[in-house]
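Enquirer:
Number of protein chains: 4
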Amino acid sequence: MTFSTDEPIRVLITGGTFDKEYDEINGRLYFKDSHLSEMLALGRCKLNLEIRTLMMVDSLEMTEADREIIVEQCRACPEHRIVITHGTDTMETTARMLADKVDGKTVVLTGAMIPYKFGSSDGLFNLGSALAFVQTLPPGVYVAMNAQCFSAEHVRKNKQEGVFEQKETRSE
Amino acid sequence: MTFSTDEPIRVLITGGTFDKEYDEINGRLYFKDSHLSEMLALGRCKLNLEIRTLMMVDSLEMTEADREIIVEQCRACPEHRIVITHGTDTMETTARMLADKVDGKTVVLTGAMIPYKFGSSDGLFNLGSALAFVQTLPPGVYVAMNAQCFSAEHVRKNKQEGVFEQKETRSE
Amino acid sequence: MTFSTDEPIRVLITGGTFDKEYDEINGRLYFKDSHLSEMLALGRCKLNLEIRTLMMVDSLEMTEADREIIVEQCRACPEHRIVITHGTDTMETTARMLADKVDGKTVVLTGAMIPYKFGSSDGLFNLGSALAFVQTLPPGVYVAMNAQCFSAEHVRKNKQEGVFEQKETRSE
Amino acid sequence: MTFSTDEPIRVLITGGTFDKEYDEINGRLYFKDSHLSEMLALGRCKLNLEIRTLMMVDSLEMTEADREIIVEQCRACPEHRIVITHGTDTMETTARMLADKVDGKTVVLTGAMIPYKFGSSDGLFNLGSALAFVQTLPPGVYVAMNAQCFSAEHVRKNKQEGVFEQKETRSE
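Protein chains in written order, with our numbering: chain W, 1 to 172; chain D, 173 to 344; chain U, 345 to 516; chain E, 517 to 688.
Written out as structure tokens, the structure reads:
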């Protein structure tokens with residue numbers, strides 16, 4: 001068998017559309033608490049997860065220092081399999097930085113185009129796929145969106161269509 | 173890379189809780205159309221899928237003849253990767269029959285404890301994980317539920333708790 | 345002004361489709377707790393309500409003794425305005441019994457065709473209208489469904505279409 | 517009987533939180549189409565409604581000219597009962613202008629604190645109550661929110677708490 005469901009998996013929460021909520025007092029989107037636990041309960045997830053919230057930010061506002069924290073957490077944690085929830089706008093940037101700096105671990109970034117609280121979110125679907133990919137893929141850094149999985153080096157967000165796709169690499 | 177997202181994946185629909193609806197005229201649960209396309213749209217799934225509805229039945233009412241149809245479809249289809257949506261009550265029976273009779277293909281059965289139309293379903297989460305497992309696992313027959321994946325030989329539904337688990341195999 | 349929102353309103357819960365849930369262990373519909381408080385919170389209801397659960401039954405199984413309890417509670421409570429949540433199948437029977445036996449109070453029965461927990465329920469809409477009708481109508485017994493309000497004497501459920509309608513009264 | 521459900525009711529759509537959606541491409545809230553028809557279908561509303569979309573705006577951006585259009589439509593329409601969906605932030609301003617300029621009609625403004633598309637909206641509840649109040653109240657202009665109904669002269673939005681309340685009128 002190529003996978004084991006007993007091995008603990010680290011889940012790092014960084015915010016992103018996944019966790020945005022509607023503030024009914026001022027009519028703006030904002031972050032309060034993560035919905036990850038609620039989503040895992042809904043999915044009746046039986047994996048052995050170690051969940052940590054690192055930050056709750058829109059990925060357009062994620063700083064270099066924020067990314068260093070993510071890298072550090074991936075390196076320091078004892079688990080070899082890691083899922084990171086992340087805003088989609090700069091997911092590829094964080095993925096490539098992790099690919100440069102984290103070795104020997106399977107890291108899967110995922111997120112959502114629609115906030116989980118908004119009823120018609122893709123978040124639960126993406127989370128299910130990310131947790132499956134992280135159990136089965138060899139060490140490396142990946143982005144799991146749209147039921148697809150891309151390696152960090154070859155992924156880009158198509159911002160016109162709101163989907164992720166394989167980046168063409170020239171001269172190969 | 174251990175997987176390719178270009179290869180077409182066959183999806184076979186057989187019914188199950190996944191697709192149950194509430195009949196407001198008589199207050200009973202029933203099957204109308206599958207919600208699979210709606211779920212894939214919600215998940216913004218970009219995989220190349222060939223979807224076919226084989227039947228729409230409660231898996232407690234699935235006959236030997238029904239299972240033969242599923243086996244036949246798995247054998248006959250040109251795709252090497254197959255996801256089957258199935259009621260949870262007899263999912264392990266169908267899985268073991270497929271394990272006996274289908275060779276050289278990766279087959280993943282999945283389902284839901286709560287109907288997709290009932291708002292708080294685990295279906296979208298399970299579908300996301302099944303589509304990830306089917307892309308990454310070697311040939312064999314598997315059940316994907318609760319973010320876990322079990323091989324057909326070792327899975328059982330714990331009917332008291334409504335979750336799937338590893339079956340203990342004696343004399344090993 | 346024809347109404348006051350300060351006066352307390354009695355709400356009596358009797359079950360019905362409103363409060364049905366899906367039992368994921370056995371795949372059947374059943375009653376657990378009422379969702380009324382959750383619905384009122386969702387609607388940000390600011391009325392002064394006295395809520396009591398009298399029973400949690402499918403209205404097809406409601407007995408004469410159950411109806412006597414409802415009558416007794418309507419008579420005995422100090423409030424002059426009462427909303428009753430009730431299964432739709434025998435709502436007209438209870439309404440007519442109340443019309444015979446309760447005087448000087450405004451009583452509005454309401455319910456749902458789809459359980460509140462099933463995502464696409466009419467329950468919240470009906471509850472909003474029932475709470476409005478009960479504040480504004482003169483003493484009498486009414487059924488509030490489909491944004492309409494019928495007096496107990498002239499209502500019937502059209503069981504083919506699942507809607508409530510004015511009953512034709514002959515020779516008038 | 518104090519009301520008739522046969523009389524046609526005019527519904528005027530002006531936008532507001534009710535109809536806001538999440539734009540998954542840029543992560544902002546915006547207006548596309550009104551969800552009113554979908555909400556009425558969900559509520560299985562059987563009233564005879566004449567629905568017209570006048571504008572789709574955040575009520576903070578509603579101009580004097582916009583309000584003149586609403587007044588004009590209320591005056592000109594043949595119906596005597598009118599429901600207006602409206603953003604909550606300036607609902608009281610529009611209500612008072614209508615109270616000054618529209619005579620002999622029952623006008624009920626309603627809205628939502630949470631967009632209908634966001635899963636946990638109060639919109640369906642408020643719409644149900646507004647459609648009930650408009651059928652039962654005498655001519656005048658009202659705001660229906662939180663299951664309560666306020667006359668235009670005495671309503672204010674408590675912006676700290678996000679609820680509507682009776683405005684204290686001094687020395688009267």
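Just so you know, even glycine gets a beta-carbon here, dropped at the ideal spot from N, CA and C. None of the values given here were measured: they were computed from a predicted structure.
What did DSSP end up calling residue 446 of chain U once you bin it into helix, strand or coil?
Expert: Position 102 of the third sequence, counted from the start, is the residue given in the question as residue 446 of chain U. Correct three-state label for residue 446 of chain U: coil.
Enquirer: Check distances from the C-beta atoms of the stretch 574-605 of chain E to those of chain W and list, in chain order, the residues that come in under 7 Å.
Expert: Per Cβ criterion, the list is empty.
Enquirer: Please report the distance separating the alpha-carbon of residue 509 of chain U from that of residue 274 of chain D.
Expert: Here residue 509 of chain U is taken as the residue at index 165 of the third sequence, counted from 1. Here residue 274 of chain D is taken as the residue at index 102 of the second sequence, counted from 1. The alpha-carbon atoms of residue 509 of chain U and residue 274 of chain D are separated by roughly 56 Å.
Enquirer: Using three-state DSSP, classify residue 628 of chain E as helix, strand or coil.
Expert: To locate residue 628 of chain E, count along the fourth sequence from 1; it is residue 112. It is coil, neither helix nor strand.
Enquirer: Given a cut-off of 8 Å on the beta-carbon distance, is the pair residue 308 of chain D and residue 137 of chain W in contact?
Expert: For this step, residue 308 of chain D is matched to residue 136 along the second sequence. For this step, residue 137 of chain W is matched to residue 137 along the first sequence. It is a contact, given that the beta carbons lie within the stated cut-off.
Enquirer: Identify whether residue 215 of chain D lies in helix, strand or coil by the three-state DSSP scheme.
Expert: To locate residue 215 of chain D, count along the second sequence from 1; it is residue 43. Residue 215 of chain D falls in the coil class under three-state DSSP.
Enquirer: Should residue 324 of chain D go down as buried or exposed, given a rule of 16 or more other Cβ atoms within 10 Å for buried?
Expert: Locating residue 324 of chain D in the second sequence gives position 152, where the first residue counts as 1. Burial call: buried.
Enquirer: Thinking C-alpha only, which one of U:477, U:469, U:392 and U:362 is nearest residue 429 of chain U?
Expert: Taking the third sequence and counting its residues from 1, the one referred to as residue 429 of chain U is at position 85. The residue with the shortest Cα to Cα distance from residue 429 of chain U is U:362.
Enquirer: Identify whether residue 501 of chain U lies in helix, strand or coil by the three-state DSSP scheme.
Expert: As a first step, residue 501 of chain U must be located in the third sequence, where it is residue number 157. Correct three-state label for residue 501 of chain U: strand.
Enquirer: Going along the stretch 144-171 of chain W in order, which residues come within less than 9 Å of chain E, judged by CB to CB distance?
Expert: Taking 9 Å as the Cβ-Cβ cut-off against chain E, the residues of the stretch 144-171 of chain W that qualify are 159, 160, 161 and 162.
Enquirer: By DSSP's criteria, residue 15 of chain W is part of a beta bridge. Which residues make up the other side?
Expert: For the purposes of this step, residue 15 of chain W is taken as residue 15 along the first sequence, with counting starting at 1. Beta-bridge pairing links residue 15 of chain W to W:57.
Enquirer: Are the stretch 213-233 of chain D and the stretch 397-413 of chain U in contact at 8 Å, needing three or more beta carbon pairs?
Expert: With the cut-off at 8 Å, the stretch 213-233 of chain D and the stretch 397-413 of chain U do not touch.
Enquirer: Once you ignore the five residues that flank residue 599 of chain E on each side, which residues in its own chain have a CB closer than 7 Å to its CB?
Expert: Mapped onto the fourth sequence, residue 599 of chain E falls at position 83. Cβ within range, chain order: 525, 527, 624, 626, 646, 647 and 650.
Enquirer: Using the three-state DSSP reduction, which class does residue 323 of chain D fall into: helix, strand or coil?
Expert: Position 151 of the second sequence, counted from the first residue, corresponds to residue 323 of chain D. Strand, per DSSP.
Enquirer: Could you name the residues of chain C that residue 189 of chain D contacts, counting a contact when the two beta carbons are closer than 7 Å?
Expert: The chain inventory of the structure shown lacks chain C, comprising the protein chains W, D, U and E.
Enquirer: Can the beta-carbon of residue 295 of chain D be found closer than 8 Å to that of residue 187 of chain D?
Expert: Residue mapping note: residue 295 of chain D aligns to position 123 of the second sequence, counting from 1. Residue mapping note: residue 187 of chain D aligns to position 15 of the second sequence, counting from 1. Their beta carbons are not under 8 Å apart, which means residue 295 of chain D does not touch residue 187 of chain D by this criterion.
Enquirer: Would you mind sorting residue 114 of chain W into buried or exposed? The rule is 16 or more other CB atoms within 10 Å of its CB.
Expert: Against the first sequence, residue 114 of chain W aligns to sequence position 114. By the 10 Å Cβ count, residue 114 of chain W comes out buried.
Enquirer: Applying the 10 Å Cβ sphere with the 16-neighbour rule, what's the burial state of residue 330 of chain D?
Expert: Reading the second sequence from its first residue, position 158 is the one you call residue 330 of chain D. Counting Cβ neighbours within 10 Å, residue 330 of chain D comes out exposed, since fewer than 16 surround it.
Enquirer: What would DSSP say about residue 173 of chain D, mapped onto helix, strand or coil?
Expert: Locating residue 173 of chain D in the second sequence gives position 1, counting from the first residue. In this prediction, residue 173 of chain D has a pLDDT of 44, which is less than 50 and means its spatial position is unreliable; nothing more can be read from the coordinates.
Enquirer: Measuring CB to CB, does residue 370 of chain U end up less than 8 Å from residue 561 of chain E?
Expert: By 1-based counting over the third sequence, the position of residue 370 of chain U is 26. By 1-based counting over the fourth sequence, the position of residue 561 of chain E is 45. No.
Enquirer: In chain E, what lies closer than 7 Å to residue 473 of chain U by C-beta?
Expert: Start at 1 with the first residue of the third sequence, and residue 473 of chain U comes out as number 129. Neighbours of residue 473 of chain U on chain E, chain order: 644, 645, 647 and 648.
Enquirer: If contact means a Cβ-Cβ distance below 7 Å, which residues of the stretch 437-467 of chain U contact chain E?
Expert: Here the close residues are 457, 464 and 466.
Enquirer: Near residue 536 of chain E, what residues of its chain come up, given a Cβ to Cβ distance below 6 Å and the 5 sequence neighbours on each side ignored?
Expert: The residue given as residue 536 of chain E occupies position 20 in the fourth sequence. Answer for residue 536 of chain E: 545 and 631, listed in chain order.
Enquirer: Taking residue 404 of chain U as the reference, give the member of U:462, U:493, U:438 and U:357 with the closest Cα.
Expert: Numbered from 1 along the third sequence, position 60 holds the residue referred to as residue 404 of chain U. The shortest C-alpha separation from residue 404 of chain U is found at U:438.
Enquirer: With DSSP as the reference, label residue 382 of chain U as helix, strand or coil.
Expert: Taking the first residue of the third sequence as position 1, residue 382 of chain U is located at position 38. Residue 382 of chain U falls in the helix class under three-state DSSP.
Enquirer: Residue range of the alpha helix (DSSP H) that residue 295 of chain D falls in?
Expert: As a working mapping, residue 295 of chain D is identified with position 123 in the second sequence. Where residue 295 of chain D is concerned, the enclosing alpha helix (DSSP H) stretches over 295-308.
Enquirer: Looking at C-alpha atoms only, which residue of D:335, D:298, D:312 and D:251 is the closest neighbour of residue 179 of chain D?
Expert: Looking up residue 179 of chain D in the second sequence gives position 7. Comparing Cα positions, the closest option is D:251.
Enquirer: When the Cα of residue 382 of chain U is compared with those of U:511, U:471 and U:440, which residue comes out closest?
Expert: For this step, residue 382 of chain U is matched to residue 38 along the third sequence. Among U:511, U:471 and U:440, the Cα nearest to that of residue 382 of chain U belongs to U:471.
Enquirer: Are there 16 or more other CB atoms within 10 angstroms of the CB of residue 433 of chain U, so buried, or fewer, so exposed?
Expert: In the third sequence, the residue the question calls residue 433 of chain U occupies position 89. Buried, since its Cβ has 16 or more Cβ neighbours within 10 Å.
Enquirer: Please decide whether residue 543 of chain E counts as near chain W, where near means a Cβ-Cβ distance under 8 Å.
Expert: Numbered from 1 along the fourth sequence, position 27 holds the residue referred to as residue 543 of chain E. Chain W contact via Cβ: present.
Enquirer: How far does the beta strand (DSSP E) with residue 84 of chain W in it extend, from its first residue to its last?
Expert: Within the first sequence, residue 84 of chain W is the residue found at index 84, counting from 1. Here the beta strand (DSSP E) through residue 84 of chain W covers 81-85.
Enquirer: Who are the neighbours of residue 44 of chain W on chain D, taking C-beta pairs under 7 Å?
Expert: Indexing the first sequence from 1 puts residue 44 of chain W at position 44. What residue 44 of chain W touches in chain D: 285, 294, 318 and 335.
Enquirer: Distance cutoff 8 Å, beta carbons only. Does residue 374 of chain U sit that close to anything in chain D?
Expert: Counted from its first residue, the third sequence places residue 374 of chain U at position 30. It does not: the Cβ of residue 374 of chain U has no partner Cβ on chain D nearer than 8 Å.
Enquirer: Kindly list, in the order they appear in chain D, the residues whose Cβ is closer than 7 Å to that of residue 368 of chain U.
Expert: Taking the first residue of the third sequence as 1, we reach residue 368 of chain U at position 24. In chain order: 285, 286 and 334.
Enquirer: What is the DSSP secondary structure of residue 436 of chain U, counted as helix, strand or coil?
Expert: The residue labelled residue 436 of chain U in the question sits at position 92 within the third sequence. Helix.
Enquirer: Going by C-alpha distance, which of W:125, W:105 and W:143 is nearest residue 36 of chain W?
Expert: As a first step, residue 36 of chain W must be located in the first sequence, where it is residue number 36. Minimum Cα distance to residue 36 of chain W is reached at W:125.
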